[in-house]
Each structure stands twice: as structure tokens, then as C-alpha cells.
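Chemist: Attaching a single structure in C-alpha cells format; questions to follow.
Chains as they are written, first to last, in this note's numbering: chain X, 1351 to 1473; chain Z, 940 to 1345; chain U, -4 to 160.
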């Protein structure tokens, strides 16, 4: 880990962490992270990427093609959601977000399936 | 007083829930083939699962992370995906074996066609999980599974050679690949990973905190030790009844016959009843465990206490698991054979989930002052080496012995 | 790393250092080694039992089936079991005896074992027949007693035969 109290190992503390929205709803994971910054500028953490569409970029080179076919190519808004870093409220056992999952475009699968399951008995 | 009662009931449920089809199959075969000389493998397996479950429970209570959250976080996406795929496959095979096992026991009780019993077992389990609150499920299956205590009583009744029994608690080596295969099988069936995933997820759902750490320790120690004693009793009964007659148990009916030798029809019926609920309870845990693993890895909402509409993908996952298990069993594959594959492949994949839990349990960043102490670290790493050895030996031994046939 | 338009990240956002080591290389090597080892052993050990071993396993199974049948028969005589259990488990054992007989008949047996294989097939048929009698008339105590004695005898015979292979 780092010796500096205001430094954090992103790969260890952010990447792959659970996202939880303001209502306490689990809404995906930090599947990738995005930086901004121009040439010569220090990079700044810009956003968290959530969605299986980002997975293929982390696979070994030879498996990226099949990974994209199986898990998604990373079509923004569909299998890849960008959560601005300024939406992160707290970093602990989970990454707590400031807004609802639905407003950030997260947990679309759970919302979609939830509407289907809502018609089942004792749901 | 209430806490003591709660603990006692929890332990009772753990005893009834510890034994699953893996123990019923492997331990009976081990006793018939090698008498008491594999009792040490039960002891080793029980200590290993106590270490694993205690760490998982502690990690869950202190860091708020269940097993597959830890796997994803500590191993990353790629190794995590391999681990997930292996765990889901093994869970599915185990679930199919448990459903098939429940069907076989129903057939022994009711004498209806096995195909019908498979359907009945699967549908009954799905309906119970869907409609009955989980606390009720845990109690029904756990307490009724305690009917298997007939084996403990039978083991004493059959007047084993206690001297030989005590010697069996000391690790020995007969030099045969078959002995090693059964040692792997007995250890593997004691450390069923789905039990640990289920346990750690349950700790999160019950909102354990650092105040529950002592309860965690007592719970795993007492529960698994007592369950292990029951598991050892299966070996003793088999050693007394089947070994002298050169019986090679290949059916659940043979396991039940062991209890019948001690206590006649009552023994038989208690054994069958206990098996039905132990195996049924294991099927429930297995299905949830698969759903927990996938949901935790992908970051979906999950929880057995959540309304189904609030954790819909979690709900759909365990339902799909049951559907796939039903398809597997209905193909006519022998559930006992399936069990052997499930136990052996579980042993192979075990280090992949054990290691991340150990790494987090000894990481003060996540665990603070509740990090592994010296004893915890020594035990943790010692068992990692043992489990790695078991994992590497499992498939070669299965192949060399042709699945325990020679 | 990906380039973006400068964002509206606030100045008091935590600075972060980025180290992109994800998974320990050692862990990946362990996983790859296990997969390789498994594949290798499965290729090398892919052959089944040899013919002699097959015959031995079949005869050992007959020892086991007959012994179990004898246990069930004894329990029937002493009324220490249930009819349903005897019928269902007996069906499993009887089917297994038939299956072993078929294997002994269909597999190519080493020449020196041919006579013993024929004897084992006959034994399998007798064992299966006795167990079927238990299933058909479980309440006939005398028949059960006779079947118990026969099954014990056949189990001992099969055991001797197995030891000679």
C-alpha cells in the first residue's frame, strides 16, 4: 500500500469494488476506471466504468475478441455505464454513490427483470 | 439465555446441515474399503472448513465482504472469472447430485419411478424455497437432518474396536492410489465450498459486525465439529457392517442398510429421513450459493431475505440452477457418480476461493485489529498448502484409480 | 488510460495514484499450471481398466451384491426392514448383477480367465435370481432364509474367485 495518507492504490481500493447507490441498492461493480488530462498534465480520475462491456479490454489480448462477443463490446449506455467520479460519495467496503442507480443508468438488468418478476406470486 | 438457545438451535441445524450426499457416498465407501484408517481425513477436513469458514465469517463481519466479493476484488477480473466459472459448474453438478440423491431416497421410501421422484424432488425444493421464509427452511431441513444422528448411535451400538478407531485418527499411508483417492474424497466432501459461500453471504445478510466475531468462532467450531463426528460415524458404521463382508457401497440404499443393521426398520427409516432432509438442505444451500456467487461477482442485488422483485436476477439465477440440475439428473446419470465428480472437482477448485479469503483475512487495510493473528496465519497458510496438495492430486488420482474402481 | 476533455473534477477530490497491477502473476501461473497438469494427466490416464482388471472389478461387485442381498434377506427373516426398501434397493442390486454379467459376457476376457468368467456369469444370474425372489415375496420368511444362506455362499464363492484373478 502507499505511505501517503492522501494516496490510494486505485487497483486495490476502487477497481472491482461493489457500487451501492444512495438508497443502499447494489448496482454493479467498478469494472474499469477512466482518467482525463491532456498531454503533459497530470491524469485525474474522471469516471468509473461499470458493465460487462468493459471486461474484454481487461482480458489477455487473444481472448478479447471472444470476450467482446460473450460479454459485450462496450456500447455506452447499454453494457457500459460511465459514472462520473464526482458521483462517488464514500469509499469503504463498497463505493457509495450520491444518486439513485436508475438516475445514473446502473442496474438496468435488475430494473428490467424486476418488472417481470413483480408479476410473480409473493414477489 | 436467548442467545444460548439461539446458538444451540443454530448448532443443531448445522449438524443436520453438515452432512450432504458427498459424505454419504465417500465416507461409506471409505469405511467399507479401509475401515477406520481414513478417520484422520475427516478430522483434517473438519479443521480445514473451520479455518476457512471462520476466516470467511470474520471477513464478512469486519469488512462487509462475502466470499465472491473478495474473490473479485483480490484476484481481479480474469482469475475471478475462471474461479466463478469453476464454482458455478461445480455448484451445478453438486446441486444435480443432491436433487438426484433426494429422488433416490424418495424412491427408497415410496417405490415410485425414479423419473417421477426427480421431478417431485426438484419441484418440491423450488416451491419450498420460493414460498417458505428462509428461517423456516433452515430449521426444517436442519432439524430433520438430525435424524442422521442414528448413525452416531449405531456406531456406538455396533461396538467398534476403539483401539483401531483411535489409530485411524492418526494420518497414515497405505501406499495405494485408491487410499489416497478416498482421502481426497473424504477431505473434499468435508470442505464443500458452497457451504462457506453460503455461510459468509448469510453473515452479510444477518448484518454481522465485530460484536459477532465470538459467535462466529463458536458457531463454526461447534457446528462443524459436531457435524464432523456425525460424518465420522458414517465411516465407523460402514467399517463395522460392510468391510468384513467385502461390500463395496455404490448406492444410497447401501448407506441406509448400515443403519438398518444396528436398529432394524426404525434405524432404516430414520436414516432415510435424515438423508432426505440433509440432502434437500444441501440442495437449497447449493442453489443459493450459486446465485450468491454470480450476483456478488457481477455486482447485482442479492439476498435470500430480499423481495424477489428487488433481487430479480438473483432469484432467476437459483431458479435456472434448479432447472439445469433437473435436466442433468433426468438424463439418467447416476447421482452417486455425479457426487464423486462434484466432490473431486470441488477439491480442485478450492484453493481459488480459499486464497483470496486468506489474503484479505490477514490484510490490516480491511481487517484492522481483527486481522489474522500468528495462529490464524500459521493455520491459514498450512491449510492452503494442504488444500493445494489435495487440489493437485485430486484429478490424477481419479484418473489413475478409474474413479475409485481399482 | 483514456484521454478526455478536462472534467469538472473538484479540486478537493482525492488525488489518486494509479498502479495498474491487477492480479499477481504468481497466481496466474498457478492457475495455468493446474490446468496444464490436469490436461496432461487426463491424456495420459485416459485409457480404461485393462481386461483383467475389468474382470476382477466385476467379480468383486458380485461379492458385494451377494453380501448386501444376504444382509437384506436376513433382515427380512427377522422383520427388521421394510418391503419397499427391499423391493427398491433389491431392484438396484439385481440390475447391477445383470450388468456385471453382461460386461463379463461382452468384454474380451484374457484366455486364462474364460472359465472363471463363465462361472461368474452363472453366479451373477443366480445372485440376481435370489434377490428377485426377495423382491417378489418378501413376506415368505422361509424363502428369505434360504435366499440369505445362498447369497452368503455365493458371496464367499465370488470372493474366492476374485482372489484367484
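Here a beta-carbon is modelled for each residue, glycine too, at the ideal position from N, C-alpha and C.
At a Cβ threshold of 9 Å, is residue 1280/Z touching chain X?
Modeler: No, no contact with chain X.
Chemist: By DSSP, does residue 17/U sit in helix, in strand, or in coil?
Modeler: Below a pLDDT of 50, predicted positions are generally treated as unreliable, and residue 17/U, at 45, falls in that range; the measurement from the model is reported next regardless. Looking at residue 17/U - three-state DSSP - the assignment turns out to be coil, as it is neither helix nor strand.
Chemist: Can you give me the Cβ contacts of residue 81/U inside the same chain, cut-off strictly under 7 Å, excluding the 5 residues immediately before and after it?
Modeler: Closer than 7 Å at the Cβ level, and outside the excluded window around residue 81/U, lie 67, 71, 129, 130 and 133.
Chemist: Would you tell me roughly how many angstroms separate the C-alpha atoms of residue 83/U and residue 110/U, rounded to the nearest one?
Modeler: One C-alpha to the other measures close to 33 Å.
Chemist: Could you check whether residue 1174/Z and residue 969/Z sit closer than 9 Å to each other, using their CB atoms as the reference points?
Modeler: Yes, the pair counts as a contact, with Cβ atoms nearer than the cut-off.
Chemist: In this structure, does DSSP put residue 1472/X in helix, strand or coil?
Modeler: Coil.
Chemist: For residue 1321/Z, count neighbouring Cβ atoms within 10 angstroms of its own Cβ and tell me buried if that reaches 16, exposed if not.
Modeler: With fewer than 16 other Cβ atoms within 10 Å, it is exposed.
Chemist: By alpha-carbon positions, which one of 1427/X, 1410/X, 1454/X and 1383/X ends up nearest to residue 1437/X?
Modeler: The shortest Cα separation from residue 1437/X among 1427/X, 1410/X, 1454/X and 1383/X belongs to 1454/X.
Chemist: Quick check: the Cα distance between residue 1078/Z and residue 1141/Z, rounded to an integer number of angstroms?
Modeler: If I take the Cα positions, the gap works out to 15 Å.
Chemist: Taking Cβ to Cβ, would you say residue 983/Z is nearer than 9 Å to residue 1072/Z?
Modeler: No, they are not a contact pair.
Chemist: In the structure shown, what three-state DSSP assignment does residue 1449/X receive?
Modeler: In the structure shown, residue 1449/X sits in coil (DSSP, three-state: anything other than H, G, I, E or B).
Chemist: Residue 1033/Z touches chain U at which residues, Cβ-Cβ below 9 Å?
Modeler: Residues of chain U passing the Cβ test: none, with the nearest at roughly 19 Å.
Chemist: On the DSSP bridge assignment, give the partners of residue 1441/X in chain order.
Modeler: In DSSP, residue 1441/X forms a bridge with 1445/X.
Chemist: For residue 1237/Z and residue 1378/X, I'd like the C-alpha separation in whole angstroms.
Modeler: Rounded to whole angstroms, residue 1237/Z to residue 1378/X spans 6 Å at the Cα level.
Chemist: Note down the Cα distance separating residue 1095/Z from residue 992/Z, rounded to an integer number of angstroms.
Modeler: Whole-angstrom Cα-Cα distance: 29 Å.
Chemist: With a threshold of 9 Å between beta carbons, is residue 1448/X in contact with chain Z?
Modeler: So no, residue 1448/X is outside the interface.
Chemist: Express the C-alpha separation of residue 1002/Z and residue 1305/Z in angstroms, rounding to a whole number.
Modeler: Looking at the two C-alpha atoms, the distance is approximately 6 Å.
Chemist: Reducing DSSP to helix, strand and coil, say where residue 3/U ends up.
Modeler: Note that residue 3/U scores a pLDDT of 33, beneath 50, so its modelled location is shaky; the value from the coordinates is reported in the next line. Residue 3/U falls in the coil class under three-state DSSP.
Chemist: Sorted by chain position, which residues of the same chain lie with C-beta nearer than 7 Å to residue 1405/X's C-beta, five sequence neighbours on each side aside?
Modeler: These residues qualify, in order along the chain: 1381, 1417 and 1421.
Chemist: Closer than 9 Å, Cβ to Cβ, to anything on chain X: give me those residues from the stretch 1064 to 1095 of chain Z, in chain order.
Modeler: Per Cβ criterion, the list reads 1069 and 1070.
Chemist: My guess is that residue 981/Z and residue 1187/Z are in contact by the Cβ rule of under 8 Å, so how many angstroms apart are they, rounded?
Modeler: The Cβ separation is near 20 Å, so there is no contact.
Chemist: Near residue 97/U, what residues of its chain come up, given a Cβ to Cβ distance below 6 Å and the 5 sequence neighbours on each side ignored?
Modeler: Correct list: empty, nothing qualifies.
Chemist: Taking 9 Å as the CB-CB limit, is residue 1316/Z close to chain X?
Modeler: For residue 1316/Z, the answer is no, since every Cβ of chain X falls outside 9 Å of its Cβ.
Chemist: Label residue 1428/X either buried or exposed according to how many other C-beta atoms from any shown protein chain fall within 10 Å of its C-beta, with 16 as the threshold for buried.
Modeler: Residue 1428/X comes out exposed.
Chemist: Helix or strand or just coil, what does DSSP make of residue 1347/Z?
Modeler: With chain Z running from 940 to 1345 in the structure shown, residue 1347/Z is simply not present.
Chemist: Any chance the stretch 48 to 66 of chain U sits against the stretch 102 to 109 of chain U, with 3 or more Cβ pairs inside 8 Å?
Modeler: Verdict: yes, contact present.
Chemist: Since residue 1240/Z meets chain X, which of its residues come closer than 8 Å, beta carbon to beta carbon?
Modeler: Correct list: 1375, 1376, 1377, 1457 and 1460.
Chemist: Thinking C-alpha only, which one of 1021/Z, 1012/Z, 1089/Z and 1069/Z is nearest residue 1248/Z?
Modeler: When each option's Cα is compared against that of residue 1248/Z, the closest is 1069/Z.
Chemist: Grouping DSSP H, G and I as helix and E and B as strand, with all else coil, what is residue 74/U?
Modeler: Residue state, collapsed to three classes: coil.
Chemist: So, for residue 1463/X: in the same chain, excluding its five sequence neighbours on each side, which residues have a beta-carbon less than 8 Å away from its beta-carbon?
Modeler: Answer for residue 1463/X: no residue qualifies.
Chemist: Since residue 1433/X sits in a beta bridge, which residues does DSSP pair it with?
Modeler: The partner list for residue 1433/X (beta bridge, DSSP) reads 1398/X.
Chemist: What would DSSP say about residue 1186/Z, mapped onto helix, strand or coil?
Modeler: Three-state DSSP puts residue 1186/Z in coil, outside helix and strand.
Chemist: Which residues in the same chain as residue 1028/Z place their Cβ atom closer than 8 Å to its Cβ, once the five residues preceding and following it in sequence are excluded?
Modeler: Excluding residues within five positions, the ones whose Cβ falls inside 8 Å are 1284.
Chemist: Taking the alpha helix (DSSP H) that residue 1368/X belongs to, which residues open and close that run?
Modeler: From DSSP, residue 1368/X is part of no alpha helix (DSSP H) but of the beta strand (DSSP E) over 1368 to 1370.
Chemist: Restricting to Cα atoms, I'd like to know which of 1286/Z, 1250/Z and 1301/Z is closest to residue 1376/X.
Modeler: Among 1286/Z, 1250/Z and 1301/Z, the Cα nearest to that of residue 1376/X belongs to 1250/Z.
Chemist: Any idea if residue 1460/X is buried or exposed, counting beta-carbon neighbours within 10 angstroms, 16 or more meaning buried?
Modeler: Answer is buried; the Cβ neighbour count reaches 16.
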